[in-house]
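> The working numbering numbers the first residue of the sequence shown as 103 and each following residue consecutively.
C-beta: ideal position from N, C-alpha, C; glycine also.
Bear in mind that the values here come from a model prediction, so they are computed numbers and not experimental data.
Quick one: this structure, given as structure tokens, is what I'll be asking you about.
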Amino acid sequence: MRRDEGVRALLDRVTDEPIIANLGPATADLFAAGDRDANFYSFGGMGLVSSIGLGVAMTAPERKVYVTDGDGSLLMNLGSLATIARMRPANLVLIVWDNHQWAETGGQPTHTSTGTDLAGIAEAAGIPRVAAVSTIEAFEEALDQAAREDGPWCIVADVEEEGRAARPILDIEANLLRFRRTFEA
Ligand SMILES: Cc1ncc(C[n+]2csc(CCOP(=O)(O)OP(=O)(O)O)c2C)c(N)n1
Ligand SMILES: [Mg+2]
């Protein structure tokens, strides 16, 4: 499957649920597929979206909170999986676009290209609902199940790197304030 197909499948399934996107391609594809108030884009802060998403999920337990991470970024914050397992936010859905590379910086192969299994690590960390998918149909099925059933979920999607949308030009602070306001209603 491709990341942009996965992003569209996710957008088709949300109304006001927050989506917090990793820096680089995950943010570019989300912005291009559907900019919306409840999207939080990240720039520069590599490795942090799973932790940001955990915080958001714990403070907004009444909504599903979606995070779209990258393999390289999650690899530099693996402890986050154990913290998610420990805090156990039922509403958190952590999606990992695993393209087996640091695409943003030139496509250097990550550890998942030589066998590191992020879904296996998530399971061993104690995350109760883990799915590893490589087709859009299986991804949509996992998303639908994650929308219906308590998590926390970790869905690792094996994606082909087919290029990505242009880097969005936006005001980062305005994005943060707009995102925060979606919790005030
Ligand atoms: C601490 C830190 N190290 C390195 C970078 C440079 N950097 C930005 S994106 C990126 C690659 C991210 O890889 P991944 O999470 O797999 O996402 P992909 O680009 O493959 O979608 C790197 C190395 C950074 N922003 N911050
Ligand atoms: Mg990657």
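What do you get for methionine 178, buried or exposed, if any count of 16 or more other CB atoms within 10 angstroms of its CB means buried?
exposed
> Can you tell which of Ala134, Leu132 and Trp204 has its C-alpha closest to the C-alpha of serine 215?
Nearest neighbour of serine 215 by Cα position, chosen from Ala134, Leu132 and Trp204, turns out to be Trp204.
> For valine 158 and isoleucine 122, which I take to be in contact (beta-carbon distance under 8 angstroms), what is that distance rounded to the nearest angstrom?
7 angstroms
> Going by DSSP in three states, arginine 104 sits in which element: helix, strand or coil?
strand
> Quick check on glycine 174: does DSSP put it in helix, strand or coil?
helix
> Closest to asparagine 201 by C-alpha separation, out of Ala234, Ile274, Asp260 and Leu272, would be which residue?
Asp260
> Determine, using beta-carbon pairs with one atom in the segment 129 to 137 and one in the segment 263 to 273, whether at least three such pairs fall under 8 angstroms.
yes
> Quick check: what's the CA-CA separation for threonine 237 versus methionine 103?
In this structure, the straight-line span from the alpha carbon of threonine 237 to that of methionine 103 is close to 5 angstroms.
> Let me check understanding here. Comparing Cα to Cα, which of Pro230, Gly147, Gln210 and Leu112 lies closest to aspartate 131?
Looking at the Cα atoms, Leu112 is the closest of the given residues.
> Could you tell me which of Glu164, Asp171, Ala221 and Gly146 sits nearest to glycine 155, measuring between CA atoms?
Asp171
> Just grab the DSSP bridge partners of asparagine 277 for me.
None, per the DSSP bridge assignment.
> Can you say whether phenylalanine 285 is buried or exposed, counting buried as having 16 or more other CB atoms within 10 angstroms of its CB?
exposed
> How big is the Cα-Cα spacing for valine 198 and leucine 279?
Spanning the alpha carbons of valine 198 and leucine 279 requires a straight line of approximately 25 angstroms.
> How many angstroms separate the CA atom of threonine 218 from the CA atom of alanine 224?
11 angstroms
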